[in-house]
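Heads up, the thing below is written out as structure tokens.
Residue numbers (UniProt numbering): 1 to 201.
What follows is the structure, encoded as structure tokens:
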């Protein structure tokens, strides 16, 4: 699909912007420096997004389980610290970048509100729902079943836990103005999830 979009962009002369996660599998990390953006394109790398509009993420799964008063299965080490980016901030930063003609023909790397662990984020969640999060480790047979169903799962989770000392090599850092604090972003996300849950959506 991406190749088709690229072809259409070339033929039509349209500008193209791709946004992808910074925690990449080894084979994708090696490709990052091989694909140089063209004059009318840019690539933007982002930390894991969270917020009402970012549903296909590990942190969103955990937040949803807490809202449902269900235990959170520990897919990753909750003590590993990484950067997260509130989806509203990501949208704002991307719009800022695409509005600058000089930003094209480059790779950019977005920043969130600093390193924080999943455990710390979920503690913030617990303070909003006024209940301590419950965790449930995944047993060996469950991990094997997951890897059988999705062979790349282990590689994906290993990449997710990768602290990424060379994350800084991915493009030019772009720090937008006034990033949303984790406390504020989590509170807003949880309130929207609770509203949906209570309405039966």
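The beta carbon of each residue, even a glycine, is placed where N, CA and C say it ideally should be. Just so we're clear, the structure is a prediction, and the values are computed from it rather than from any experiment.
Asked, Found
"Between the CA atoms of residue 121 and residue 67 - distance to the nearest angstrom", "14 Å"
"Residue 48, DSSP secondary structure in three states", "strand"
"Spatial neighbours of residue 183 in its chain, beta-carbon cut-off 7 Å, leaving aside the 5 residues before and after", "124"
"Beta-carbon gap between residue 93 and residue 50 smaller than 8 Å", "no"
"Integer-rounded CB distance, given that residue 48 should sit under 8 Å from residue 13", "With a Cβ gap of about 33 Å, residue 13 and residue 48 do not count as contacting."
"Nearest neighbour of residue 117, chosen from 97, 196, 11, 58 [CA to CA]", "58"
"Three-state class that DSSP yields for residue 54 in the structure shown", "coil"
"Three-way DSSP call (helix, strand, coil) for residue 116 in this model", "strand"
"Beta bridge counterpart(s) of residue 174 as assigned by DSSP", "110"
"Residue of 74, 178, 82, 134 minimising C-alpha distance to residue 90", "178"
"Outcome for residue 190 when other beta-carbon atoms lying within 10 angstroms are tallied against a minimum of 16", "buried"
"Backbone secondary structure at residue 123 - three-state DSSP", "helix"
"For residue 64, the three-state DSSP class (helix, strand or coil)", "helix"
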